[in-house]
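Student:
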Amino acid sequence: MKTIEIIKLSLNVVLFALAGFGVFIMGFRTLLNPYRLDIFNTAGLSATVISVWAIFCMIQSLLIILPRTLVIGCILLLINNFFIISVNFKAGNTEGALFEAAMMSIPVILIWLGHPYIRWTQINAM
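Note that our numbering has the sequence shown beginning at 22, numbered continuously upward.
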């Protein structure tokens, strides 16, 4: 039983790093250079909207990192994925929209697995 829990913890840490730190870095880099992402420019979004989206990404990733706000951060990540899917469709990029649709499973799995720190304390308590 403990082996299965360690496998779940490993999956949780990988998804947590991708959702928490990856989205924060993407938001921070986009905030520094709003014209970095061509898909938003193709969709006709202004630099202000892109900067607000970048700040939203950074806030949601910080909420995912904190144990008590994991669910709220994951819900905001789902909203973010819907936004990116709509931007991709508006720009005519169907492949990007399908990729983001597949990425929508990450917050759902994170909610199901829970926060890695809490899972780690539960495994050590066994």
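Beta carbons are placed, not taken as given, at the ideal position from N, Cα and C, and that holds for glycine.
How far does the alpha helix (DSSP H) with ASN114 in it extend, from its first residue to its last?
Tutor: Run containing ASN114: none; DSSP gives neither H nor E here.
Student: Please state the DSSP three-state secondary structure of GLY135.
Tutor: coil
Student: Secondary structure at ASN54, three-state DSSP: helix, strand or coil?
Tutor: coil
Student: Whole angstroms are fine: how far does the CA of LEU97 sit from the CA of ALA122?
Tutor: 15 angstroms
Student: So for GLY65, helix, strand or coil by DSSP?
Tutor: coil
Student: So MET90 is in the alpha helix (DSSP H); what residue range does that whole segment cover?
Tutor: According to the sequence as given, residue 90 is Thr; it is not Met. From DSSP, THR90 is part of no alpha helix (DSSP H); its letter is neither H nor E.
Student: Tell whether a beta-carbon distance below 9 angstroms holds between THR63 and GLY113.
Tutor: Between THR63 and GLY113, the C-beta spacing is below 9 angstroms.
Student: Can you find a heavy atom of the ligand ZN that lies under 8 angstroms from the Cβ of ILE105?
Tutor: Absence of the ligand ZN from the depicted structure is noted, as is the absence of any ligand whatsoever, leaving it without description.
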